[in-house]
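In what follows, a single structure is set out as structure tokens and then discussed.
There are 2 protein chains.
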Amino acid sequence: MARLPLYLRALSALSERGVPTVSSEELAAAAGVNSAKLRKDLSYLGSYGTRGVGYDVEYLVYQISRELGLTQDWPVAIIGIGNLGHALANYGGFASRGFRVAALLDADRAVAGQRIAGMVVRHMDDLEQIVRDDRVSIGVITTPAPAAQGVCDRLVAAGITSILNFAPTVLAVPEGVDVRKVDLSIELQILAFHEQRKSATDAGPTLPPTAPPPAGTAARGDRGGDLPEVMPA
Amino acid sequence: MARLPLYLRALSALSERGVPTVSSEELAAAAGVNSAKLRKDLSYLGSYGTRGVGYDVEYLVYQISRELGLTQDWPVAIIGIGNLGHALANYGGFASRGFRVAALLDADRAVAGQRIAGMVVRHMDDLEQIVRDDRVSIGVITTPAPAAQGVCDRLVAAGITSILNFAPTVLAVPEGVDVRKVDLSIELQILAFHEQRKSATDAGPTLPPTAPPPAGTAARGDRGGDLPEVMPA
DNA sequence: AGGCTTTTGTGAACGTGTGCACAAAGCTGA
DNA sequence: TCAGCTTTGTGCACACGTTCACAAAAGCCT
Numbered sequence: 184m185a186r187l188p189l190y191l192r193a194l195s196a197l198s199e200r201g202v203p204t205v206s207s208e209e210l211a212a213a214a215g216v217n218s219a220k221l222r223k224d225l226s227y228l229g230s231y232g233t234r235g236v237g238y239d240v241e242y243l244v245y246q247i248s249r250e251l252g253l254t255q256d257w258p259v260a261i262i263g264i265g266n267l268g269h270a271l272a273n274y275g276g277f278a279s280r281g282f283r284v285a286a287l288l289d290a291d292r293a294v295a296g297q298r299i300a301g302m303v304v305r306h307m308d309d310l311e312q313i314v315r316d317d318r319v320s321i322g323v324i325t326t327p328a329p330a331a332q333g334v335c336d337r338l339v340a341a342g343i344t345s346i347l348n349f350a351p352t353v354l355a356v357p358e359g360v361d362v363r364k365v366d367l368s369i370e371l372q373i374l375a376f377h378e379q380r381k382s383a384t385d386a387g388p389t390l391p392p393t394a395p396p397p398a399g400t401a402a403r404g405d406r407g408g409d410l411p412e413v414m415p416a
Numbered sequence: 184m185a186r187l188p189l190y191l192r193a194l195s196a197l198s199e200r201g202v203p204t205v206s207s208e209e210l211a212a213a214a215g216v217n218s219a220k221l222r223k224d225l226s227y228l229g230s231y232g233t234r235g236v237g238y239d240v241e242y243l244v245y246q247i248s249r250e251l252g253l254t255q256d257w258p259v260a261i262i263g264i265g266n267l268g269h270a271l272a273n274y275g276g277f278a279s280r281g282f283r284v285a286a287l288l289d290a291d292r293a294v295a296g297q298r299i300a301g302m303v304v305r306h307m308d309d310l311e312q313i314v315r316d317d318r319v320s321i322g323v324i325t326t327p328a329p330a331a332q333g334v335c336d337r338l339v340a341a342g343i344t345s346i347l348n349f350a351p352t353v354l355a356v357p358e359g360v361d362v363r364k365v366d367l368s369i370e371l372q373i374l375a376f377h378e379q380r381k382s383a384t385d386a387g388p389t390l391p392p393t394a395p396p397p398a399g400t401a402a403r404g405d406r407g408g409d410l411p412e413v414m415p416a
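Encoded structure:
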């Protein structure tokens, strides 16, 4: 379930505040979901609540952590040290939860060799060796879009089966490989879509009539692969 | 529909390669979805395909762009110029699609005043004025988690109804305000979950039996608000 | 000890989104 | 002009996730 990390976050906050138990109602509110949904999700990992009382916070934190595999170490490699890769390398949110940034890689020899976040950036040539030696289990792709599929193929060939893709491309991977995609432009476009609907309903028809057959009138084009370029420094 | 941006991206790539028409089958493959689903999505904006031929690429690009509201200008403000905010400010993917970074803001007076990506970072004190003067329509929150709700409240009070949240918090907003969340830790945790299941089925039971009532044994805690701190420079 | 309150766990209805399969529609070539 | 081929648009069934509502269970108070 994709909601477990959400619950874990809310529970951890409660744990720090010393709250011993929590009801499904309270926890659901903190996580922003329906209480029945939360109870069903939790019952999926086995019933560990007490009727009339609620759930033991510490115990539930432990259970979810174990279910998510957060009790073990997950070495992560970041490929493509542009703006985004640079930011992720310095991002503190990884280390705290078993996700250890094990390696940074870039195709540009001017970038490889630099020290970023206390690590030396390695060159793409060493990818396979690094994955093998450091037992990397998750690859994070922050390259420009045209390079993403190639990097992905090499990661898969090296044995990686979990990829987090920030490049605006649909990656083709064989069965058994998990890819999750984070696309900032798409998020913004969805917001813009809803924003437009709001202002449209404020004044005017929801779907203004369209000129039927105009050809060759492309609006602002989606120029494809505009991910962060390699950062100057 | 959240898939329209995906189609738009695929169509734009075809457009650049000079492809005049495309069938639902081809486009679906490029976008990584089912062809029937794609046809249904497109029929939702009005039937603009030709049976036996396919869809006119340029025309479809125009239609989707208009439906998404990409034919107009969307000024974006980025609040919290830490690692992530810095990267986003330099990110080229915004400008190309009607999303113009109109303002950068930070609560730290040492950060305000700096020039980043050709813009001067403003102080949070000026938030309301900036939103009003620059007609900001989308707010991007890249602050540490504890500050996110406060920033969110101020954005909403200033009239913003679309927010993209990178802070690891569930934001409470009134009816009518859209919030989309991007949480890197959660994406990684979901990957770790699946990765664990894979190795678990390789050798051993899928769900190893649990010690029933151990209290006070929290595993690696989710330390909550570990978003990028404000960047040194 | 027993009834009352609280809260879990879950059965069942509901709504939504997905995918199949096919008829209608348009193009092509003879 | 007409048969045949291709591809769209959509009715229908199905599966999934969500939500309601309630019975069973646990604690608490008198």
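Sequence order for the protein chains is F and P.
When you line the first sequence up against the numbering used here, it's residues 184 to 416, in that order.
When you line the second sequence up against the numbering used here, it's residues 184 to 416, in that order.
By construction, the Cβ of each residue, glycine as well, lies at the ideal position given by its N, Cα and C atoms.
Proximity to residue i [Cα-Cα], best of the options
i      : options                        : result
F/R305 : F/I262, F/R283, F/Q372         : F/I262
P/L338 : P/M302, P/L288, P/E370         : P/L288
P/A270 : P/F349, P/A383, P/R186         : P/F349
P/I264 : P/H377, P/R298, P/A196, P/L253 : P/R298
P/G215 : P/P258, P/L225, P/L189, P/P357 : P/L189
P/D291 : P/L187, P/R192, P/D309, P/E241 : P/D309
F/Q312 : F/V236, F/G281, F/A285         : F/A285
P/R234 : P/E208, P/N217, P/E241, P/A213 : P/E208
F/R186 : F/V202, F/V356, F/F282, F/I247 : F/I247
P/L243 : P/L210, P/P258, P/N273, P/K220 : P/L210
P/L374 : F/V362, F/P351, F/L367, F/L371 : F/V362
P/N353 : P/L367, P/V360, P/V236, P/A331 : Inspection of the sequence shows that residue 353 of chain P is occupied by Val rather than by Asn. When only C-alpha atoms are compared, the closest one is P/A331.
P/L367 : F/A355, F/S226, F/F282         : F/F282
P/R192 : P/K364, P/Y245, P/Y274, P/W257 : P/Y245
P/A213 : P/A383, P/L267, P/A196         : P/A196
P/V365 : P/N217, P/L267, P/Y227         : P/L267
P/P258 : P/R315, P/M307, P/A383         : P/R315
F/N273 : F/L253, F/G252, F/V303         : F/V303
F/Y238 : F/G229, F/S206, F/R222         : F/S206
P/V202 : P/G322, P/D336, P/V236         : P/V236
Inter-residue spacing [alpha-carbon to alpha-carbon] between residue i and residue j
i      : j      : result
F/A278 : P/G296 : 31 Å
F/R200 : P/P329 : 14 Å
P/E250 : P/T326 : 31 Å
P/Y231 : P/G276 : 29 Å
F/A260 : F/D317 : 9 Å
F/V334 : F/I324 : 8 Å
P/T204 : P/E241 : 8 Å
P/Q255 : F/G301 : 43 Å
P/I346 : P/S320 : 9 Å
P/K381 : F/M184 : 15 Å
F/A219 : P/T344 : 29 Å
F/P351 : F/L371 : 13 Å
P/H377 : F/R280 : 16 Å
F/S198 : P/D224 : 44 Å
P/L194 : P/G359 : 31 Å
F/A341 : P/A340 : 50 Å
For residue i, three-class secondary structure by DSSP
i      : result
F/M302 : strand
F/A196 : helix
F/V244 : helix
P/A286 : strand
P/I313 : helix
F/P258 : strand
P/G333 : helix
P/G281 : coil
F/G268 : helix
P/Y274 : coil
F/A211 : helix
F/M307 : helix
P/V339 : helix
F/Q297 : coil
F/D291 : coil
P/P188 : helix
F/E378 : helix
Per DSSP, the bridge partner or partners of residue i
i      : result
F/R363 : F/L347
P/T204 : P/D239
P/V323 : P/I261, P/L347
F/T233 : F/G237
What residues from the region 211 to 224 of chain F come within 8 Å of chain P, judged by C-beta to C-beta, listed N to C? A213, A214, G215
At a CB distance below 7 Å, what residues from the region 337 to 359 of chain F approach chain P? Give them in sequence order. T344, S345, L347, P351, V353
Chain-ordered residues of the region 313 to 328 of chain P with a beta carbon less than 8 Å from chain F:
S320, I321
* Asked: When Cβ atoms are compared, which residues of the region 273 to 287 of chain P fall closer than 8 Å to chain F?
  -> N273, Y274, G275, G276, F277, S279, R280, G281, F282
Could you please tell me which residues of the region 187 to 207 of chain F, in chain order, have their CB closer than 8 Å to any CB of chain P? L187, P188, L189, L191, R192, A193, L194, S195, A196, S198, E199
When you check each C-beta in the region 356 to 382 of chain P against every C-beta of chain F, which residues fall closer than 7 Å?
D361, R363, V365, L367, S368, I369, E370, L371, Q372, I373, L374, A375, F376, H377, E378, Q379, K381
Exercise. Looking at chain P, which residues of the region 237 to 260 of chain F have a Cβ within less than 8 Å of any of its Cβ atoms?
Worked result: D239, E241, Y242, V244, Y245, Q246, S248, R249, E250, L251, G252, L253, T254, Q255, W257, V259
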